[in-house]
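First up is the structure itself, then whatever we jot down about it.
In the working numbering, the protein residues as written are 18 to 457.
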């Protein structure tokens with residue numbers, strides 16, 4: 018088996034006997050229903066009603082969806098929640114679908130507000146506002162604001178979730194008489210999936226709410242694809258009934274090339290669950306068994322730093338045997354990323370110690386360290402990156418000069434441990450390829 022692995026402006030060759038290959042898995046091809054504009058337009062024509070699509074699938078007995086024009090008509094304070102520039106949501110294309118309907122419904126410009134759901138991120142720069150709004154920047158910028166999670170005076174206290182997470186959300190939610198939530202749905206390594214309810218928490222929640230919610234990511238139940246029993250998702254769901262204004266949802270699902278593959282609209286949870294089903298079809302892959310060795314590649318642009326590349330580690334680990342070896346290939350061209358998780362790992366003597374430190378004094382960002390430490394606690398993690406070997410070592414990751422060198426060492430280790438024919442899983446696009454543990 019000969020494979021070429023992209024890395025910066027070159028490729029690394031990777032070669033091993035065919036009999037060692039378990040699978041080479043990539044996101045599935047998905048036949049979309051047309052051009053992106055047509056997909057979005059069609060979605061607006063077929064909104065989901067409450068309970069018309071549940072976590073179990075389509076429900077013929079569910080209510081008929083209300084169209085956007087009828088939803089908007091009569092609205093005096095319409096709030097549209099949009100993603101920031103760190104998300105792939107095609108906001109400009111969504112606005113191109115929404116604005117003509119707003120005009121048809123008689124909505125005046127002064128009655129429209131856009132709120133960028135930054136979560137705990139910083140606000141957008143001028144350039145990022147242009148990136149988000151696209152062709153509508155000049156028309157809408159004066160009506161567009163960003164959420165600031167640390168601005169306590171902007172928050173409304175709504176109590177707590179079943180898990181004890183305090184719920185404080187942006188006051189603009191409660192000044193609106195119509196809310197439109199936009200976003201994109203894909204697997205998320207501790208919330209199960211992005212999109213839907215995430216527009217509100219963490220999207221426009223207070224910093225202390227986000228921190229408490231993300232602490233729930235330390236639970237084993239908080240993982241990619243998991244919704245039922247996932248405490249992070251439960252927090253998000255508990256926040257929704259506290260929002261009194263009606264909500265219309267516009268969710269997109271992108272393919273592996275970040276192009277619009279599908280869209281769903283209407284009731285927030287029905288449209289979310291419908292999008293989840295499509296996202297599963299695209300990003301979830303079936304592998305025949307867990308592997309002794311997983312080679313997981315963080316492709317551009319996710320190779321920007323180790324913080325983002327962790328998604329490739331997490332996805333690869335889902336199909337890795339205990340005691341196996343995970344090989345991350347990512348340039349990490351901008352370094353480590355957020356320093357908090359890296360410093361926490363570096364302060365620990367071993368992965369178990371890191372996990373104990375996190376439980377004893379959680380801070381926002383430590384969930385990333387916890388996920389990485391959990392993998393290192395049960396397997397060997399090697400990485401082909403531009404990062405200094407000593408920095409990697411401080412995070413319980415072994416540096417390797419090439420994928421081939423890392424693989425040769427992993428094969429030797431497995432054979433020395435009594436595995437006659439170690440099985441190798443290759444994920445050429447590891448950040449967006451999710452082996453479904455339920456299918457293993």
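Glycine included, C-beta positions come from ideal geometry on N, C-alpha and C.
As the structure is a computational prediction, the values presented were derived from the model and not from experiment.
Close-in-space but distant-in-sequence residues of the same chain around residue i (CB under 6 Å, 5 per side omitted)
{"i": "residue 295", "result": "270, 279"}
{"i": "residue 118", "result": "85, 86"}
{"i": "residue 247", "result": "209, 238, 239"}
{"i": "residue 368", "result": "390, 393, 394, 413"}
{"i": "residue 324", "result": "354, 355"}
{"i": "residue 27", "result": "none"}
Assigned secondary structure, residue i (DSSP; H/G/I helix, E/B strand, else coil)
{"i": "residue 370", "result": "helix"}
{"i": "residue 375", "result": "helix"}
{"i": "residue 32", "result": "strand"}
{"i": "residue 172", "result": "strand"}
{"i": "residue 90", "result": "coil"}
{"i": "residue 108", "result": "helix"}
{"i": "residue 443", "result": "strand"}
{"i": "residue 389", "result": "helix"}
{"i": "residue 290", "result": "helix"}
{"i": "residue 339", "result": "strand"}
{"i": "residue 324", "result": "helix"}
{"i": "residue 319", "result": "helix"}
{"i": "residue 40", "result": "strand"}
{"i": "residue 242", "result": "coil"}
{"i": "residue 344", "result": "strand"}
{"i": "residue 261", "result": "coil"}
{"i": "residue 153", "result": "helix"}
{"i": "residue 226", "result": "helix"}
{"i": "residue 312", "result": "strand"}
{"i": "residue 280", "result": "strand"}
{"i": "residue 408", "result": "helix"}
Environment of residue i [buried if 16+ CB atoms lie within 10 Å]
{"i": "residue 207", "result": "buried"}
{"i": "residue 289", "result": "buried"}
{"i": "residue 195", "result": "buried"}
{"i": "residue 317", "result": "exposed"}
{"i": "residue 69", "result": "buried"}
{"i": "residue 63", "result": "exposed"}
{"i": "residue 351", "result": "exposed"}
{"i": "residue 347", "result": "buried"}
{"i": "residue 251", "result": "buried"}
{"i": "residue 315", "result": "buried"}
{"i": "residue 326", "result": "buried"}
{"i": "residue 141", "result": "buried"}
{"i": "residue 39", "result": "buried"}
{"i": "residue 25", "result": "exposed"}
{"i": "residue 320", "result": "buried"}
Anticipated Cβ contact below 8 Å, residue i with residue j, distance rounded
{"i": "residue 362", "j": "residue 398", "result": "11 Å between Cβ atoms; not a contact."}
{"i": "residue 345", "j": "residue 366", "result": "About 22 Å separates the two Cβ atoms, so there is no contact after all."}
{"i": "residue 357", "j": "residue 375", "result": "Between residue 375 and residue 357 the Cβ distance is about 11 Å, and since that is not below 8 Å, they are no contact."}
{"i": "residue 94", "j": "residue 193", "result": "5 Å"}
{"i": "residue 228", "j": "residue 249", "result": "Wrong, their Cβ atoms sit about 12 Å apart, outside the cutoff."}
{"i": "residue 310", "j": "residue 433", "result": "With 8 Å as the limit, residue 310 and residue 433 do not qualify as a contact, their Cβ atoms being about 13 Å apart."}
{"i": "residue 66", "j": "residue 283", "result": "6 Å"}
{"i": "residue 185", "j": "residue 226", "result": "5 Å"}
{"i": "residue 88", "j": "residue 265", "result": "5 Å"}
{"i": "residue 219", "j": "residue 137", "result": "7 Å"}
{"i": "residue 158", "j": "residue 150", "result": "6 Å"}
{"i": "residue 139", "j": "residue 224", "result": "Not a contact, Cβ separation roughly 12 Å."}
{"i": "residue 197", "j": "residue 97", "result": "5 Å"}
Own chain partners of residue i with C-beta closer than 7 Å, once the 5 adjacent residues on each side are dropped
{"i": "residue 106", "result": "100, 199, 200, 201, 269"}
{"i": "residue 37", "result": "438, 439, 440, 441"}
{"i": "residue 204", "result": "210, 241, 242, 296, 300, 451"}
{"i": "residue 171", "result": "165, 187, 188"}
Selection from the options that minimises the alpha carbon distance to residue i
{"i": "residue 281", "options": "85, 423, 91", "result": "85"}
{"i": "residue 108", "options": "147, 77, 123, 127", "result": "147"}
{"i": "residue 396", "options": "29, 358, 452, 335", "result": "335"}
{"i": "residue 339", "options": "400, 111, 392, 173", "result": "392"}
{"i": "residue 43", "options": "237, 351, 304, 57", "result": "304"}
{"i": "residue 322", "options": "71, 354, 394, 96", "result": "354"}
{"i": "residue 131", "options": "137, 144, 154", "result": "154"}
{"i": "residue 390", "options": "380, 230, 78, 370", "result": "370"}
{"i": "residue 329", "options": "445, 174, 143, 190", "result": "445"}
{"i": "residue 180", "options": "120, 254, 319", "result": "254"}
{"i": "residue 349", "options": "406, 379, 308", "result": "406"}
{"i": "residue 176", "options": "260, 276, 113, 60", "result": "260"}
{"i": "residue 110", "options": "425, 35, 54, 230", "result": "54"}
{"i": "residue 258", "options": "319, 178, 298, 320", "result": "178"}
{"i": "residue 79", "options": "161, 61, 158, 287", "result": "287"}
{"i": "residue 447", "options": "263, 337, 331", "result": "331"}
{"i": "residue 144", "options": "128, 73, 102", "result": "102"}
Same chain, Cβ closer than 8 Å to residue i, neighbours up to 5 away in sequence not counted
{"i": "residue 32", "result": "18, 19, 20, 421"}
{"i": "residue 409", "result": "400, 402, 415, 416"}
{"i": "residue 51", "result": "59"}
Proximity test, residue i beta-carbon vs the ligand SAH heavy atom, cut-off 7 Å
{"i": "residue 153", "result": "As for the ligand SAH, it is missing from this structure, which has no ligand bound."}
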